[in-house]
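Visitor:
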Amino acid sequence: MMKTDFTTALDTAAAETEALLANLMSRETADGEIARPERLLEAMRYGSLGGGKRLRPFLVVESAALFGAPRQRALMAGAALECVHCYSLVHDDLPAMDNDDLRRGRPTLHRAYDDATAILAGDSLLTFAFDILSREETHPDPAVRIALVRELARGSGLGGMAGGQMLDLAAEGRFGTIEAGNEQFIITMQAMKTGALLHFACIAGGILGGASPAQSKALSAYGRAVGTAFQIADDLLDVEGDAATVGKATGKDAAVGKATLVSILGIEAARARLAGVVADAQAALAPFGDSAAILRETARFIAAREK
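Pasting the structure below:
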């Protein structure tokens, strides 16, 4: 497959996701809503629109395409996932967490507004995700919608992203201790903090498309490998990337003593690990043959990204 085919597919899904999110977060109230406060709505839109590769919705769309699932349903599930992702960025940037001033090349939401508004915008994006998943437009079968809600909730919460963030904060500044310097601890923490939402992006397409157990297992293996690849690439960017290109501050992991695979393996060994994980991701797609070409290219893209 030509690289331009992948780029076009990624850009198309990003544009479709952007348009869908903008429409969903309009000023018009939905059934059961009393009002949509203007400042909160503006903050939600600031934190979720106008930037980003929309990689997670893209993975939902492409995994769903393996089964011929309607694209609009995949975009709805992808939009819900993107709301969770954007909420996590808004909260991660807060002073009590990573204390960042820059995100996607512009002021973080709490800098553009204030801390309280950022907290409420993040809360609203998280809950809005499950509003989107619960809609019949996402899938007419309630059992499918429940499965999507369950998997995204688990990927977002205690045993997923939020739990991983807690482990990350607990290990901060403790590099060299038995826990924070332990490779398996870091793998587990990063699989939760970063990998869980990427894993959901890959299995969601199978849920929407009625995948067989064997197909679901293959997508799950691909999703786990892609999640690991993304985090290693992210850690490498923090060490080697340029802030202007990355769109956020770099060099922060070492400054605060974060536990990363790069910190314990070194740059070259981390790059070797990244190459191996990408190979694992591509191998996991073998049951789908040539129809998974774009997903294979996605794994390469994640490893080689510059921001």
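Mapping the sequence shown onto the numbering used here, position 143 (from 1) lands on 143, and the numbers just tick up by one.
Using N, Cα and C, we set each Cβ at its ideal position, and we do this for glycine too.
Here the structure is a predicted model, which is why all the values come from computation and not from measurement.
(1) Thinking C-alpha only, which one of Ala279, Gln215 and Ala270 is nearest Val226?
(2) Would you kindly report the start and end of the unbroken alpha helix (DSSP H) that includes Leu41?
(3) Would you kindly work out how many angstroms separate the C-alpha atoms of Ala13 and Phe58, rounded to a whole number?
(4) Pick helix, strand or coil for Pro140, following the three-state DSSP scheme.
(5) Is the beta carbon of Arg56 closer than 8 Å to that of Leu89?
(6) How is Leu102 classed by DSSP in three states: helix, strand or coil?
(7) Please classify Ala180: is it buried, with 16 or more other beta-carbons within 10 angstroms of its beta-carbon, or exposed?
(8) As an exercise, report each continuous beta strand (DSSP E) stretch of at least 3 residues that is fully enclosed by the segment 52-78, in chain order.
(9) What number of angstroms, rounded off, separates the C-alpha of Gly160 from the C-alpha of Asp290?
(10) Between which two residues does the alpha helix (DSSP H) carrying Tyr222 extend?
(11) Output the distance between the C-alpha atoms of Ala15 and Met25, rounded to the nearest integer angstrom.
(12) Below 8 Å, how does it come out for the segment 145-160 and the segment 185-196: are there three or more Cβ pairs, yes or no?
(13) Restricting to Cα atoms, I'd like to know which of Ile232, Glu240, Ala259 and Leu265 is closest to Val277.
(14) Within this structure, are the beta carbons of Gly68 and Gly209 separated by less than 8 Å?
(15) Taking Cβ positions, are Ala214 and Pro287 nearer each other than 8 Å?
(16) Does DSSP put Glu297 in a helix, a strand or coil?
(17) For the segment 99-110 and the segment 142-156, state whether three or more C-beta atom pairs, one from each stretch, are separated by less than 8 Å.
(18) So for Pro95, helix, strand or coil by DSSP?
(19) Give the straight-line distance between the Cα atoms of Tyr222 and Met192, rounded to the nearest whole angstrom.
(20) If I measure Cβ to Cβ from Leu49 and keep anything under 8 Å in the same chain, skipping five residues before and after, which residues do I get?
(21) Just to confirm my understanding: we take Ala74, look at its own chain, exclude 5 residues before and 5 after, and list those with CB closer than 7 Å. What are they?
(22) Assuming Ala129 is part of the alpha helix (DSSP H), what are its boundary residues?
(23) Within its chain, find whatever has a CB closer than 8 Å to the CB of Thr147; leave out the 5 residues flanking it on each side and keep chain order.
(24) With Ile132 and Met166 assumed to form a contact (beta carbons below 8 Å), what rounded beta-carbon distance in angstroms separates them?
(25) Within the same chain, show all residues whose beta-carbon is closer than 8 Å to that of Tyr46, passing over the 5 residues directly before and after it, in chain order.
Guide: According to the structure shown:
(1) Looking up residue 226 in the sequence shown gives position 226. For the residues Ala279, Gln215 and Ala270, the minimum Cα distance to Val226 belongs to Ala279.
(2) Within the sequence shown, numbered from 1, the residue matching residue 41 stands at position 41. Counting along the chain, the alpha helix (DSSP H) containing Leu41 begins and ends at Glu38 to Ser48.
(3) In the sequence shown, residue 13 corresponds to position 13, counting from 1. In the sequence shown, residue 58 corresponds to position 58, counting from 1. Looking at the two C-alpha atoms, the distance is approximately 6 Å.
(4) Translated into positions along the sequence shown, residue 140 becomes position 140. It is coil, neither helix nor strand.
(5) In the sequence shown, residue 89 corresponds to position 89, counting from 1. In the sequence shown, residue 56 corresponds to position 56, counting from 1. In this structure, Arg56 does not lie closer than 8 Å to Leu89 by Cβ.
(6) As a working mapping, residue 102 is identified with position 102 in the sequence shown. DSSP places Leu102 in strand when its eight states are reduced to three.
(7) Indexing the sequence shown from 1 puts residue 180 at position 180. Confidence in Ala180 is poor, its pLDDT being 47 and thus under 50, which makes the residue's placement unreliable; the coordinate value appears in the next sentence. Its Cβ being crowded by 16 or more others within 10 Å, Ala180 is buried.
(8) none
(9) Taking the sequence shown and counting its residues from 1, the one referred to as residue 160 is at position 160. Taking the sequence shown and counting its residues from 1, the one referred to as residue 290 is at position 290. Cα to Cα, the separation comes out at about 31 Å.
(10) Sequence index remark: in the sequence shown, residue 222 carries index 222 (1-based). Where Tyr222 is concerned, the enclosing alpha helix (DSSP H) stretches over Pro213 to Glu240.
(11) Along the sequence shown, read from residue 1 onward, the residue named residue 15 stands at position 15. Along the sequence shown, read from residue 1 onward, the residue named residue 25 stands at position 25. Looking at the two C-alpha atoms, the distance is approximately 15 Å.
(12) yes
(13) Here the question's residue 277 lines up with position 277 in the sequence shown. With distances taken between Cα atoms, Val277 lies closest to Ile232.
(14) By one-based count along the sequence shown, residue 68 stands at place 68. By one-based count along the sequence shown, residue 209 stands at place 209. Their beta carbons are under 8 Å apart, which means Gly68 touches Gly209 by this criterion.
(15) For the purposes of this step, residue 214 is taken as residue 214 along the sequence shown, with counting starting at 1. For the purposes of this step, residue 287 is taken as residue 287 along the sequence shown, with counting starting at 1. The answer is yes: Cβ separation under 8 Å.
(16) As a first step, residue 297 is located in the sequence shown; it is residue number 297 there, counting from the start. Three-state DSSP puts Glu297 in a helix.
(17) no
(18) Numbered from its first residue, the sequence shown carries residue 95 at position 95. Three-state DSSP puts Pro95 in coil, outside helix and strand.
(19) By 1-based counting over the sequence shown, the position of residue 222 is 222. By 1-based counting over the sequence shown, the position of residue 192 is 192. The alpha-carbon atoms of Tyr222 and Met192 are separated by roughly 15 Å.
(20) For the purposes of this step, residue 49 is taken as the residue at position 49 of the sequence shown. The answer, listed in chain order, is Glu18, Leu21, Ala22 and Met25.
(21) Indexing the sequence shown from 1 puts residue 74 at position 74. Closer than 7 Å at Cβ, skipping near neighbours: Val60, Val61, Ala64, Gly205 and Leu208.
(22) Counting from one through the sequence shown, the residue named residue 129 turns up at place 129. Segment Asp115 to Leu133, the alpha helix (DSSP H) holding Ala129.
(23) Residue mapping note: residue 147 aligns to position 147 of the sequence shown, counting from 1. Inspection of the sequence shows that residue 147 is occupied by Ala rather than by Thr. The residues are Ile207.
(24) Position 132 of the sequence shown, counted from the first residue, corresponds to residue 132. Position 166 of the sequence shown, counted from the first residue, corresponds to residue 166. Contact flag wrong, Cβ pair sits at about 26 Å.
(25) Within the sequence shown, numbered from 1, the residue matching residue 46 stands at position 46. Same-chain partners within the cutoff: Leu109, Ala112, Tyr113 and Ala121.
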